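Undergrad: When you line the sequence shown up against the working numbering, it's residues 65 to 498, in that order.
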Amino acid sequence: MERKQSLVENISSFKKRIKNREIEVSVVGLGYVGLPLSLLIARKGFKVRAFDISEERINLLSKGKSYIVDVEDKEISDVLGKTFFPTNTKKDLKNVDVFIVSVPTPLNKNKTPNLKYINMAIRDIKSIWKEGERLFIFESTLPPGTTEEIIYKKFSKKGKKFYLCFSPERINPGSEYPFYEIPKVMSGIDEDSLNLGVYFYSNIFSKIVPVSSTKTAELVKLLENTYRFINISFINEFAKLCHLEGVDVFEVIEAAKTKPYGFNAFYPGWGAGGECIPTVPLFLSKRSRGLGMRFSMVEDADIINESMPLFWHRVLKPYIKERIFVFGVSYKKDVGDLRNSPPLKLIEILIEKGLKVNFYDPFIEKIKVNGEELKGIKPTKELIKNSDVIVIGTNHSTLPYDLILSSGRPVLDPFGVLPPSPFVISFSHGKIEI
Ligand SMILES: NC(=O)c1ccc[n+]([C@@H]2O[C@H](COP(=O)([O-])OP(=O)(O)OC[C@H]3O[C@@H](n4cnc5c(N)ncnc54)[C@H](O)[C@@H]3O)[C@@H](O)[C@H]2O)c1
């Protein structure tokens, strides 16, 4: 592909200012991606204007309080007022040299990409960018071609000097792996952008992986997420087949894992949830249709994934009379993130049917179900015994599994975390109508 001609001749002075920590950096969008990233950059000695449209989030940060599970208060207080300056005031960004955008890129109801937050961020940056060169790095997951076809054009209209990079975020909330050690894929709209982006990020991350175009980097991220999405849907289908065959899928997976190459284990459960895995692969579907191709694997994976809460509801039906106790409502083990959470979808179905649902999640105090607030409740022997059935919604490490097992009530265990017992309903034990 033809590369855009560079808008700038000399980037050495920008590099020098980076090296001497004379630049200001703004991270726009302080969520699971942006908050840890902005703190990391602040720890590296850069002055960071951490910007978010949420007043509540900025108020918390200004008091040194975290709202993200992987970020401890101390990480904020260590840099607050020294190199870390949270703000929701656009004019505080007027001297910023490097903007890093990490706002959400969700799907619309019709499963097409929703770029409204990206467009808002660009509009805000443009409105305060009066003069001087700027480096823009987009970290939000984007449909292929977005950096070149949309973002570049929006900034170009200004006719000012800028460098534009796309560097997909690979952070894995709840993971022990330090995210600054995850190799950072970097791309630029032209040679200078790539050069400057790589230079800046090599001051922050351990390893940079430059690629030849922004579209390549966009597709790297989509390959990684789609690989997970398709495999999660695949293993859920595979688990159903194993059940019909009378075989324990978890035993099959453990034995397959002994192969030293060519096999990566995925596990059955509720299906994929969260901000990224069940959504961004659909970017490929929309894009490929525009190019005259149907990406059927992604679309089929989506159908399977959407069906998982309904599948488990069908399994539960014979056990339900009135009350259900759900342990864990977030989409992921040991993380308090409710976005696109499959067990939450199950709770919605149950409550719609007029059933009484209690839940407990060590990471979540309350949830909103069909517009109504539902508070978590501490599980007692009494409460559990009075439930028709218990559901493991999320396999958090700290759930009271012994209490659950000792209750003698039927337990739905999509993850296979519980040992064999006549009460457990899972792919490996109990009766499941496929
Ligand atoms: N969560 C993950 O594990 C993960 C991993 C890799 C990549 N990503 C991608 O990173 C991007 C951000 O995801 P996230 O999970 O951090 O989202 P998030 O919802 O946790 O945080 C986004 C933040 O952006 C703020 N925001 C929205 N519009 C804004 C604007 N115009 N200006 C300033 N702030 C704005 C919101 O208030 C929120 O605080 C998405 O594209 C996502 O696909 C997420």
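Glycine residues also receive a C-beta, built at the ideal position from the N, C-alpha and C atoms.
None of the values given here were measured: they were computed from a predicted structure.
(1) My assumption, with CB atoms under 8 Å, is that residue 478 sits in contact with residue 333. Please give the rounded CB distance.
(2) If I measure Cβ to Cβ from residue 167 and keep anything under 7 Å in the same chain, skipping five residues before and after, which residues do I get?
(3) For residue 304, does the three-state DSSP call read helix, strand or coil?
(4) Quick one, are the C-beta atoms of residue 289 and residue 344 less than 7 Å apart?
(5) Leaving out the 5 sequence neighbours to the left and right, which residues in its chain are closer than 8 Å to residue 275 when beta-carbon positions are compared?
(6) Between which two residues does the alpha helix (DSSP H) harbouring residue 258 extend?
(7) Ordered along the chain, which non-local residues of its own chain (more than five positions away) have a Cβ less than 6 Å from that of residue 208?
(8) With distances taken between CB atoms, is the gap from residue 292 to residue 341 smaller than 7 Å?
(9) Please determine whether the Cβ atom of residue 484 lies at a distance below 6 Å from any heavy atom of ligand 3.
(10) Within its chain, find whatever has a CB closer than 7 Å to the CB of residue 131; leave out the 5 residues flanking it on each side and keep chain order.
(11) Which word fits residue 137, buried or exposed, when buried means at least 16 other C-beta atoms lie within 10 angstroms of its C-beta?
(12) Would you report the Cα separation of residue 165 and residue 98, rounded to the nearest angstrom?
(13) Measuring straight from C-alpha to C-alpha, what distance separates residue 454 and residue 311?
(14) Measuring only from the beta carbon, is residue 250 closer than 6 Å to any heavy atom that is part of ligand 1?
(15) Do you know offhand how far residue 44's Cα is from residue 382's?
(16) Taking the beta carbon of residue 103 as the centre, do at least 16 other beta carbons fall within 10 Å, making it buried, or is it exposed?
(17) Who are the near neighbours of residue 430 in its chain, counting only those whose CB is closer than 8 Å to its CB and skipping five residues on each side?
(18) Going by beta carbon distance, what residues of the same chain come within less than 8 Å of residue 126, once the five residues before and after it are set aside?
(19) Based on Cα-Cα distance, which residue from 219, 142, 80 lies nearest to residue 200?
(20) Apply the 10 Å Cβ neighbour rule to residue 324 and answer buried if 16 or more other Cβ atoms are within range, or exposed otherwise.
TA: Taking the definition as stated:
(1) 5 Å
(2) 92, 93, 181, 182, 185, 204
(3) helix
(4) yes
(5) 249, 250, 251, 281, 284
(6) 255 to 266
(7) 279, 282, 283, 351
(8) yes
(9) In the structure shown, ligand 3 is absent; the only ligands present are ligand 1.
(10) 121, 124
(11) exposed
(12) 8 Å
(13) 24 Å
(14) no
(15) This structure cannot speak to residue 44, because the chain is shown only from 65 to 498.
(16) buried
(17) 437, 438, 439, 440
(18) 144, 150
(19) 219
(20) exposed
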